[in-house]
Amino acid sequence: MPCVTPSIPDRGRSVAEPLLAVEGLTVTFPRAARPAVRDVTWQVAPGEVLALVGRSGSGKTTNALAVMGLLPPRARVAGSVRLRGSELLGLDDRAMSAVRGRRVAMVFSDGVNALTPVYRVGAQVAAAVRLHAPGLGRAAARERAGELLDLVGLAAGTASAYPHELSGGQAQRVLIALAVVGSPQVLLADEPTSALDVTVQAQVLAALRRAREAVGAAMVLVTHDLGVVAGEADRVVVLDDGAVVEDAPVHQVFAAPRSPVTGALVAAARVGSTSAAPVPAPSGPAPDERPAAEPVIELVGVSHVYRNRGREVRALDEVTLTLRAGRTLALVGESGAGKTTALRAVLDLVAPQEGVVRVMGRDVALLDRPGRAALRRLVQPVLQDPTAALDPRMAVADLVGEALTVRRVAPHERSRRVTEALELVGLPPELAARYPHELSGGQRQRVAIARALVVRPEVLVLDEPVSALDPQVRGQVLDLVADLRERLGLSCFVVAHDLTVVRRLADDVAVLRHGRVVEAGTAAQVLAAPRHPYTRTLLAAEPGIPG
Numbered sequence: 028m029p030c031v032t033p034s035i036p037d038r039g040r041s042v043a044e045p046l047l048a049v050e051g052l053t054v055t056f057p058r059a060a061r062p063a064v065r066d067v068t069w070q071v072a073p074g075e076v077l078a079l080v081g082r083s084g085s086g087k088t089t090n091a092l093a094v095m096g097l098l099p100p101r102a103r104v105a106g107s108v109r110l111r112g113s114e115l116l117g118l119d120d121r122a123m124s125a126v127r128g129r130r131v132a133m134v135f136s137d138g139v140n141a142l143t144p145v146y147r148v149g150a151q152v153a154a155a156v157r158l159h160a161p162g163l164g165r166a167a168a169r170e171r172a173g174e175l176l177d178l179v180g181l182a183a184g185t186a187s188a189y190p191h192e193l194s195g196g197q198a199q200r201v202l203i204a205l206a207v208v209g210s211p212q213v214l215l216a217d218e219p220t221s222a223l224d225v226t227v228q229a230q231v232l233a234a235l236r237r238a239r240e241a242v243g244a245a246m247v248l249v250t251h252d253l254g255v256v257a258g259e260a261d262r263v264v265v266l267d268d269g270a271v272v273e274d275a276p277v278h279q280v281f282a283a284p285r286s287p288v289t290g291a292l293v294a295a296a297r298v299g300s301t302s303a304a305p306v307p308a309p310s311g312p313a314p315d316e317r318p319a320a321e322p323v324i325e326l327v328g329v330s331h332v333y334r335n336r337g338r339e340v341r342a343l344d345e346v347t348l349t350l351r352a353g354r355t356l357a358l359v360g361e362s363g364a365g366k367t368t369a370l371r372a373v374l375d376l377v378a379p380q381e382g383v384v385r386v387m388g389r390d391v392a393l394l395d396r397p398g399r400a401a402l403r404r405l406v407q408p409v410l411q412d413p414t415a416a417l418d419p420r421m422a423v424a425d426l427v428g429e430a431l432t433v434r435r436v437a438p439h440e441r442s443r444r445v446t447e448a449l450e451l452v453g454l455p456p457e458l459a460a461r462y463p464h465e466l467s468g469g470q471r472q473r474v475a476i477a478r479a480l481v482v483r484p485e486v487l488v489l490d491e492p493v494s495a496l497d498p499q500v501r502g503q504v505l506d507l508v509a510d511l512r513e514r515l516g517l518s519c520f521v522v523a524h525d526l527t528v529v530r531r532l533a534d535d536v537a538v539l540r541h542g543r544v545v546e547a548g549t550a551a552q553v554l555a556a557p558r559h560p561y562t563r564t565l566l567a568a569e570p571g572i573p574g
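Under the numbering used here, the final residue of the sequence shown carries the number 574; numbering is consecutive throughout.
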């Protein structure tokens, strides 16, 4: 258990107790220069949806973990967390186990990794049902599990699937079903729609809403997405540097934010939202008046089929795409559309059964070993999750310079180019000695970009490069990518579900659905006047920001 100091004195609470009250919460981690959470107070009324909002590192998730009693044992926790007047801080793990799931439950941000990989989904939900109702038989538990999966909008066949066979949105809905098994009074949802595309995000939020209403729970929604806040929350608590800077009804936060921090968050979220100005026309000659640049990446009639347990999934179906030199092509579509398979084909990580993939005019299927090595240098990926992509045992200098070490670049030249790459992405030289866990999410993504740039590529392939970042850091990283493209003359192939990314980076857009390109054109054309109904659905599903 974390080390807990005595509860703070009563601060004049009203006679009518809130459902959940956090008062004077302070959390300090070992060797930290200052507390991660500082004297934080907020409360939730029955049936209310409270949003905890703030930049990365502001203390949002730490608040939620403190309520659940899931902080690391060495964390020092002071203050008070009361559920219907009963103190939760200081309870041992056995006592908290009687609270978790039955009175307070949590939906974590990464559905696939939060589920046990070796058990089928239905068995996991049924096991939770029997845990909360020990006298229930196996058949009745399976039936109840099916009802819960149906409640969150999952087909009956989902129960027999393993977690790795689910999409991100499906896995997230399984977590919601698990969270409401014990009919809790409060649901804590920690970034439940992080890294999901807009249509799947809407499905997950609808499932969360149905589940919450079915058990009559209040909800604490931890998020950096103010579009989600606008559509779901009654009240907003804004955190910055571990402290509360604003606590107000949701309409007031968007209409007249009192704190400069809140104002900056709202302004950052409005950039690129559906309420923002239309995509401006590119400067210079009209696209059809410009001389066509040479293609650097071409997919011509590419098809790829995955086979699993006798089933076939056609991930790509006769896809044709062209990225031209100096431009940015964005591939857009919801989960399962085939975006990542297309990216893997470009990187020569999957071999399509039909069609041709050309990089710099060369068919990648015909490359010999030296040719593939050259391709690895010319085309560099920046992956979605820098935390998973960066080896936690290596310092930043070693991570960025690893490709140069493999290529046997002399140590002094390697050191110079690592420093140059870090400067390009706006990181100070002293960060070279740090490890990934010592960096913020935005800094880790900059390290991932520096790692790609150090070999001086001609094409960057970016897979959802800002999906897990808060709006302000997202904007900074997008500005960085746009600046690097101009300064270094890069071409960019971007896979994205976030239309903000498309608006900020893309010259051209291709919309993918069920493995087929349903619409393609310049970003201005596709976003301002979409022709295909599916494209219009994607744009309509994008969360809007009031004002």
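Glycine included, each C-beta is placed from N, C-alpha and C at the ideal position.
How big is the Cα-Cα spacing for residue i and residue j?
i, j, result
"residue 279", "residue 136", "27 angstroms"
"residue 515", "residue 172", "54 angstroms"
"residue 565", "residue 539", "11 angstroms"
"residue 573", "residue 221", "20 angstroms"
"residue 569", "residue 225", "5 angstroms"
"residue 508", "residue 387", "21 angstroms"
"residue 446", "residue 431", "13 angstroms"
"residue 357", "residue 369", "12 angstroms"
"residue 371", "residue 320", "24 angstroms"
"residue 111", "residue 151", "30 angstroms"
"residue 251", "residue 389", "42 angstroms"
"residue 361", "residue 113", "44 angstroms"
"residue 65", "residue 438", "45 angstroms"
"residue 141", "residue 440", "43 angstroms"
"residue 442", "residue 149", "52 angstroms"
"residue 363", "residue 86", "33 angstroms"
"residue 436", "residue 428", "9 angstroms"
"residue 401", "residue 194", "34 angstroms"
"residue 68", "residue 521", "41 angstroms"
"residue 408", "residue 490", "8 angstroms"
"residue 158", "residue 131", "15 angstroms"
"residue 18", "residue 367", "Because residue 18 is not part of the residues shown, which for the chain are 28 to 574, the question remains open."
"residue 45", "residue 274", "15 angstroms"
"residue 188", "residue 332", "19 angstroms"
If you drop the 5 nearest sequence neighbours on each side, which residues of the same chain put their C-beta closer than 8 angstroms to that of residue i?
i, result
"residue 392", "378, 383, 384"
"residue 455", "449"
"residue 308", "Bear in mind that a pLDDT of 41 at residue 308, under 50, signals an unreliable position, so the model cannot answer this."
"residue 469", "83, 496, 500, 503, 504"
"residue 153", "165, 168, 169, 171, 172"
"residue 328", "345, 346, 347, 381, 382, 383"
"residue 413", "463, 468, 471, 472, 474, 475"
"residue 312", "Only weak support is given to the placement of residue 312: the predicted model assigns it a pLDDT of 47, under 50, and the value that follows is read from those uncertain coordinates. Hits under 8 angstroms: none found."
"residue 553", "536, 538, 546, 547, 562"
"residue 452", "473, 474, 476, 477, 480, 507, 511"
"residue 398", "389"
Compute the beta-carbon to beta-carbon distance between residue i and residue j, rounded to the nearest angstrom, for a pair I have assumed lies under 8 angstroms.
i, j, result
"residue 178", "residue 241", "6 angstroms"
"residue 411", "residue 494", "6 angstroms"
"residue 200", "residue 156", "About 16 angstroms; that fails the 8 angstroms criterion."
"residue 244", "residue 197", "Not confirmed; about 22 angstroms, so no contact."
"residue 63", "residue 56", "6 angstroms"
"residue 512", "residue 349", "About 17 angstroms separates the two Cβ atoms, so there is no contact after all."
Given residue i, which residues of its chain have a CB within under 7 angstroms of its CB, disregarding the five upstream and five downstream residues?
i, result
"residue 403", "none"
"residue 288", "265, 267, 272"
"residue 234", "179, 180, 200, 203"
"residue 127", "95"
"residue 73", "46, 245"
"residue 567", "none"
Got a sec? Which residues, its chain only, sit under 6 angstroms from residue i by beta carbon, not counting five neighbours each side?
i, result
"residue 77", "71, 247, 262"
"residue 375", "391"
"residue 134", "202, 203, 206, 216, 219"
"residue 482", "404, 430"
So residue i is in the alpha helix (DSSP H); what residue range does that whole segment cover?
i, result
"residue 179", "Counting along the chain, residue 179 falls outside any alpha helix (DSSP H), and DSSP gives it neither H nor E."
"residue 529", "526-532"
"residue 287", "287-297"
"residue 413", "413-416"
"residue 506", "498-515"
"residue 569", "No alpha helix (DSSP H) holds residue 569; DSSP gives it neither H nor E."
Name the two residues that bound the continuous beta strand (DSSP E) containing residue i.
i, result
"residue 70", "64-71"
"residue 133", "131-134"
"residue 397", "Here residue 397 belongs to no beta strand (DSSP E); instead the alpha helix (DSSP H) covers 396-405."
"residue 107", "103-110"
- Does the pairing of the stretch 473-486 with the stretch 526-541 give three or more beta-carbon distances under 8 angstroms? With the rule of 3 Cβ pairs closer than 8 angstroms, the stretch 473-486 does not count as touching the stretch 526-541.
- State whether the stretch 81-99 contacts the stretch 42-57, with contact taken as three or more CB pairs (one from each stretch) at a distance under 8 angstroms. Yes, since at least three Cβ pairs between the stretch 81-99 and the stretch 42-57 fall closer than 8 angstroms, the two stretches touch.
- Sufficient close CB pairs (3 or more, under 8 angstroms) joining the stretch 251-259 to the stretch 289-297: Cβ pair count under 8 angstroms is three or more, so yes.
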